[in-house]
Amino acid sequence: MFFSISLYLALAICLVGLIYKAYSWLTVSVDPRDRQYSAAKRAGAAISGLLRTVFSPRIGALLRGLVWDGLLQGRSLKHSALAWLGHILLFVGFMGLLLLHALGEQITASLFSDYYPTLDPWLWLREVLGLMVLAGVGIIVLRRLTVGGLRQTTRARDRVAIALLAVILLSGFALQALKITSSDAFDRMVNEYAGMDDPQELKALRSVWAADYGVVFAPGAIGSDQDLLEQGRELNENNCIDCHSPANHAFASYGLSVLLRPVALGLDQANASQILYYIHFLACFLGLALLPFTKFLHLLLGPVILAVNAATEREGMNPAARAALRAMEMDACTHCGTCSVHCSVGITMSLIPNYDILPSERLASLSAKTHGGEGDRARLAQTREGAYICTSCQRCTRLCPLGINLHDLWTAQRQDLADEGLGTPLREIAEFAEQAAQPSRGRHEVLVDTGGFKKTLKHSAQAGSFTECYSCRECTNACPLVHMSEWPNQELDLLPHQVMYCLKLGLMEEAMGSRMVWNCLTCYECQQTCPNLVQVTDVMYELRYLAAQAAMAREN
Amino acid sequence: MSYALFLGCKIPSYAPQYETSARAVLGKLGIQLTEMEFNCCGYPLRDQHFELFILAAARNLALAEAQGVELMTLCKCCLGTLKRAQKFLEEQPDLLAMVQEKLAPEGLKYQGTAQVRHIQSVLHDEVGLEKLEDLVQAPLNGLKVAAMYGCHALRPSRITGFDNAYGPKLIEELLKVIGAEGVPWQGRLRCCGGPLRERNPELSLATIMMRLEEFAASEAQVLMVDCPHTLLQVKWAHETLSGEGKPSLDGVVLYPQLLGLALGLEPGRLDLTQNAPAPSGLKASPPPAKADPGGEKPKAVGGNSPA
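Heads up: the sequence lines are chains A and B, in that order.
All residue numbers for the first sequence refer to full-length UniProt numbering, where the first residue is 1 and numbers rise by one.
All residue numbers for the second sequence refer to full-length UniProt numbering, where the first residue is 1 and numbers rise by one.
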């Protein structure tokens, strides 16, 4: 009764959650431009796109996505054999237990007429599957603890998912072990199936089950002489053996039961197996109920995304269907951390501790922003920093085991940020620098403190070389921007040699704010040609760093 | 010497034909490559964060040092950035200390011994022109090529060591041995505008447009760039140009693609069709007067074969 109620409750929560999620895929927008597509339009586009793919030669790619990337998880093999092994063990074990054990009565029994969970091969197979899941979870935990990039991105939701799986598996094994040792369970089975009431016969059967099956009875309830055991074996053969393979065929649980023997009677009295049974199925139902809200959702979304992305190109996809796919991709992420471990700019985290640099964390921020509305400004600025440290190398997209097109999500995210007034930081810094230069424009008195200014240079020591400039204009003559401009002085504010000269006068704002500095091509023509080894291009870089610093200081 | 191919951020996703053709050619030449995963070279970070640029570059260099391999870049900006970072680290002990501290948790240490070369330098200096010439099976019949040297490889030459910044000849020599001719043209040593793409897209586009006009004014048949940033700039300009009736560009190529053709590799292995714009056919001049006595070697590539 309690079992059924909790099962239906879990199913109901799961179903409502899935409906809620499906609704969100049709309504939330990562890219603000996706808002124009209604739920009906998205659903229609997604279904028609799917149908057009299924009835086209691309069905081959779609099936390959399902089988190779989905069932065999070929994509995770690309980045780490150990990660692949862990997940394939977990996946095969979990699916096996689901079909053979959780849904054994419904599925396996209808396929095999001789299905009985206490008979071989089902008995030992269940143990194998359980151990596979445990080994998979073990590898996952091991990687989380030892791979640097994973250690720093492990969050509560990862721990909860791992813990839930561990509870389900360990309670399962413990329950099986307790059942092996339990005399209560023995008595119940005898009552239900054997219908014996002769005390002598019962004692004989008990003795055999104590000796051969590992059941622990109260002292005095069993004997050990040969006649008794022989009688017991005969009874066992007539009544039990057809439905019971030897207990030690459940090898892992049997091993555990041997350890439990000294305390087995006490556990029986405390009704421990009943308690474990509750823990076991409630943990399973909790997983079921939480499926739409945890990383377990990838069980359903993963195959969809792998198949769709294997068969279609993001460019040219119907934008309404793309809007739905983007929302699904955000929910499909399992936070496995592959993208962050391999991120091309992950190393920068050690200098700028902003988690939004790492793809897995940036995706979480994106998801929170998309589902939760505006978000505060500081948070957004942090996301923007991550978004623009990203070099768009697309390694994350190539490596994602679920085939999520992260690059497309990043494109949408940058668009969203730009709409919030948080576009390319460089252009903003350039504007800031130009404004900061205004007060000094046309000023007559200058600050001739080159030495003091030189000390404020914090980045490349080479930037101090401006002091060696003697205004020969070689740099300006070499500069392609100067060549391209009809009226260089108007278009560039300052010519390269004038930038150097400004610095010599201590007019840093003036130099920083000139369009020359911000439009510098970094082609190094000036630096190459300078007869006095002024590192002109590097000075331009330095001025941009200083402006970025000043802009940041003002913001804080 | 063992090399690790340093692909950088752009090539795998935006110019995969560069990697494909480079691997095909290096394989044909018997150069063994050590497969390694690197991070960003530091170039895209350099505009905003000096220290991030240095750290990213140093990690790559330290990784190569730990493996005892030389870095071979395909991208000229990667080359310049890694070289520039080496120089900064040599000159600034404060930077070196920062780098060592940040690399230590990974068990890495920057020694300063890493060698970085562009694939063209490897072909020119390590494989050598003579060997290349010996291996050529299908010389390109005097194909006229306008090559761009690439700013960040060429300058500052004291640091990059690629070639003489004012009178470079490395690329022309590489072209000569495969039977092509590097023609003089205005844009040869100039900037493609790539670095400005984010800061000032208009000016960036104007810069590459100017290069394409210079190319159109030259006698060259194809444009050769050996940097993914320039390749992307050309693609961008080409897409913008088309439809406006402006002089269109016949085709852009990479040196490994030309070399591959000359070495007799299947055009399919060189992915020429992925170039934007792809050369409509490498229009070769009439075969050289020098008679080929054996007649064994396949005929020179010409007509429409590669596309």
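Even glycine gets a Cβ: it sits at the ideal position worked out from N, Cα and C.
Note that the coordinates shown come from a computational prediction; the quantities given were computed from them, not determined experimentally.
Residue burial annotation: A:Ala270 is exposed, with fewer than 16 other C-beta atoms found within 10 angstroms of its C-beta. Distance from A:Ala321 to A:Gly403 at the Cβ level is roughly 16 Å; contact not present, criterion being Cβ atoms closer than 8 Å.
Of all residues in the stretch 508-519 of chain A, the ones placed with a Cβ closer than 8 Å to any Cβ belonging to chain B are Trp518, Asn519, in chain order. Counting every other CB atom within 10 Å of its CB across the protein chains shown gives A:Glu510 a total of 16 or more, marking it as buried.
Residue state for A:Phe251 is assigned as helix, using DSSP reduced to three classes. Per DSSP, the beta-bridge partners of B:Gly182 are B:Val145. According to the DSSP assignment, B:Phe88 belongs to the alpha helix (DSSP H) that extends over 76-91. A:His335 and A:Ala204 have their C-alpha atoms spaced approximately 56 Å apart. Remark: C-beta atoms of B:Leu261 and B:Ala138 approach each other more closely than 8 Å.
For A:Tyr545, at least one C-beta of chain B is nearer than 8 Å to its own C-beta. Counting only runs of at least 3 residues, the stretch 390-439 of chain A fully encloses no beta strand (DSSP E) element at all. B:Phe50 reaches chain A at His459, Ser460, Tyr541, Glu542, Tyr545, counting residues in chain order whose Cβ is nearer than 8 Å. Taking the Cα positions, A:Gly148 is about 41 Å away from B:Leu205. Here B:Tyr3 is not near B:Leu29, since their CB atoms are 8 Å or more apart.
Residue pairing by DSSP places B:Arg117 opposite B:Met72 in a beta bridge.
Not a single C-beta of chain A is nearer than 8 Å to the C-beta of B:Asn164. Here A:Ala548 has Ile429 as same chain residues with Cβ atoms under 7 Å from its own Cβ, once five neighbours each way along the sequence are excluded. As a beta-bridge residue in DSSP terms, B:Leu223 pairs with B:Ala146, B:Val252.
The Cβ of A:Leu351 sits closer than 8 Å to at least one Cβ of chain B. When rounded, the separation of the alpha-carbon atoms in A:Cys243 and A:Gly93 is 24 Å.
Under the criterion of beta carbons closer than 8 Å, B:Lys102 and B:Leu55 qualify as touching, at roughly 6 Å. Taking the C-beta atoms as reference points, A:Val216 is found nearer than 8 Å to A:Ser183.
Take the alpha-carbon of A:Trp84 and the one of A:Ala550: they are about 47 Å apart. Bounds of the beta strand (DSSP E) holding B:Leu5 are 3-6. Per the coordinates, the alpha-carbon of A:Pro117 lies some 19 Å from the alpha-carbon of A:Asn238. Below the 8 Å Cβ cutoff, chain B contributes Arg190, Cys191, Thr207 as neighbours of A:Pro480, in chain order. Looking at the DSSP output, B:Leu33 bridges to B:Tyr3. In terms of beta-carbon proximity, A:Met317 stays away from the interface with chain B, with every pair separated by 8 Å or more. Taking a contact to require three or more Cβ pairs closer than 8 Å, the stretch 517-535 of chain A and the stretch 225-238 of chain B do not qualify as touching. Think of a sphere of 9 Å around the beta carbon of B:Ser13: the chain A residues whose beta carbon falls inside it are Ser392, Cys393, Gln394, Arg395, Thr397, Arg398, His407, in chain order. For B:Asn39, the closest C-alpha among the options B:Gly8, B:Pro16, B:Ala66, B:Glu65 is that of B:Gly8. Contact between A:Val258 and A:Gly214 holds: CB atoms are separated by about 7 Å, below the 8 Å threshold. Membership of A:Asp184 in the alpha helix (DSSP H) is indicated by the continuous run 183-189. Residue contact with chain A for B:Cys78: absent (no Cβ-Cβ distance below 8 Å to any residue of chain A). In the DSSP annotation of this structure, the continuous segment of the alpha helix (DSSP H) that includes A:Gly372 starts and ends at 359-372.
Exclusion of the five residues before and after A:Trp124 leaves Ser245, His249, Ala250, Phe251 as the residues of its chain whose Cβ lies within less than 8 Å of its Cβ.
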